[in-house]
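These notes are about the structure you will find just below.
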Amino acid sequence: MAEELTKVTVADFKALKGKRPITMITAYDYPTALLVDRAGLDSILVGDSMAMVMLGYDNTLAVTLDEMLHHCRAVARGARRPLLIGDMPFLSFGVSESESVHNAGRFLKEAGMDAVKVEGGERMASTIAAMVHAGIPVLGHVGLTPQTASSLGGFKVQGRNEETARRLLADAKALEEAGCFGIVLEAIPDRLAELITQRVSIPTIGIGAGNQTDGQVLVLHDALGLFDRFSPKFAKRYANLTQIIVEALSQYRREVEERTFPGAEHSYSIKDEVLRRLS
Ligand code: KIV
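First residue of the sequence shown: 998, per our numbering; consecutive thereafter.
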């Protein structure tokens, strides 16, 4: 009998706060979405980290809305059970409110996503409120927000002094009030993340924010060892697929060069008499 599919909804996601840690990872294509689903994670973020780990850009700014939607569609075809969240790329939101809502809606209408993620705290609250008002579930994202890394002074831990820690608390409260169903906390001290987690009623999802948040997210390519241009302190490598893939490809190259691949078991036969008639 086929296993029962119980799709994770935004309501399920919110209800997990205080019950058990929520699991989230990025995925950007059909095969990895299938694998994440099979591993039983609660949610998939089609992150704009795709710009770096899939498309080879130096940062996340270059990826376009259409590129994000293209990859979201592939993920939606692969993952049936996890909550699917599409990341809104730089400048696809926050310029004008109606354009932001329209662009956010495309993730749900055209790309099979259940929700969107938006970087930014208080300054994005009214835009996010408009999206939520239009019926679009929004996951917030504060702390180290890569789209605005240059205004934050680079890819640095955020909220280490009183002023910036207070601002992060205010950002998280503003996102809760704007109607976000959860907040990603990226690269902030663990005890500040714990305090924010206690102060908001919606789940916090940490990445580089200690283990007292309501859940965790990692970039798939960091977790599987598929991206080694750099590795943030917070990224744990659960497998070294780079090594496995390079070894496999090198063996394939050697076997082709030595004519040991393809062997008889990978080849099709023809009767001798047919061949004889050809000569
Ligand atoms: O784009 C992304 O993958 C993200 C996560 C790191 C939270 O925003």
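Note that the Cβ used here is the ideal one computed from N, Cα and C, for glycine as well.
Since the structure is predicted, the reported quantities are computational estimates derived from the model, not experimental observations.
Inter-residue spacing [alpha-carbon to alpha-carbon] between residue i and residue j
| i | j | result |
| --- | --- | --- |
| lysine 1268 | proline 1028 | 39 Å |
| lysine 1233 | leucine 1038 | 17 Å |
| histidine 1263 | lysine 1230 | 44 Å |
| arginine 1164 | valine 1154 | 14 Å |
| glycine 1151 | aspartate 1045 | 17 Å |
| leucine 1081 | methionine 1110 | 5 Å |
| leucine 1105 | glycine 1053 | 26 Å |
| threonine 1006 | leucine 1238 | 31 Å |
| arginine 1103 | valine 1072 | 15 Å |
| aspartate 1063 | glutamate 1270 | 56 Å |
| histidine 1068 | methionine 1047 | 9 Å |
| serine 1097 | phenylalanine 1087 | 11 Å |
| methionine 1128 | glycine 1015 | 26 Å |
| serine 1228 | leucine 1066 | 26 Å |
| tyrosine 1235 | aspartate 1225 | 13 Å |
| arginine 1120 | alanine 1175 | 11 Å |
| aspartate 1009 | methionine 1021 | 14 Å |
| proline 1018 | valine 1197 | 16 Å |
| serine 1266 | glutamine 1144 | 57 Å |
Where residue i falls, given that 16 or more other Cβ within 10 Å makes a residue buried
| i | result |
| --- | --- |
| threonine 1142 | buried |
| alanine 1169 | buried |
| lysine 1114 | buried |
| valine 1060 | buried |
| tyrosine 1025 | buried |
| glutamate 1255 | exposed |
| glutamate 1116 | buried |
| proline 1200 | buried |
| aspartate 1211 | buried |
| asparagine 1100 | buried |
| proline 1259 | exposed |
| isoleucine 1242 | exposed |
| arginine 1078 | buried |
| glycine 1083 | buried |
| glycine 1205 | buried |
| valine 1092 | exposed |
| glycine 1132 | exposed |
| glutamate 1173 | buried |
| leucine 1272 | exposed |
| valine 1214 | buried |
| valine 1253 | exposed |
Which residues DSSP lists as bridging residue i, in chain order
| i | result |
| --- | --- |
| leucine 1081 | Ile1041 |
| leucine 1215 | Ile1022 |
| threonine 1201 | Ile1180 |
| lysine 1230 | The partner list for lysine 1230 (beta bridge, DSSP) is empty, contrary to what the question assumes. |
Limits of the beta strand (DSSP E) - the one that residue i falls within
| i | result |
| --- | --- |
| histidine 1138 | 1135 to 1140 |
| valine 1181 | 1179 to 1183 |
| glutamate 1116 | 1112 to 1116 |
Run of the alpha helix (DSSP H) containing residue i, from where it starts to where it stops
| i | result |
| --- | --- |
| isoleucine 1241 | 1238 to 1254 |
| glutamate 1160 | 1159 to 1175 |
| lysine 1011 | 1007 to 1012 |
| lysine 1106 | 1094 to 1106 |
| alanine 1073 | 1062 to 1075 |
| valine 1129 | 1122 to 1130 |
| methionine 1049 | 1047 to 1050 |
| tyrosine 1027 | 1027 to 1035 |
| glutamine 1195 | 1187 to 1196 |
| arginine 1273 | 1269 to 1275 |
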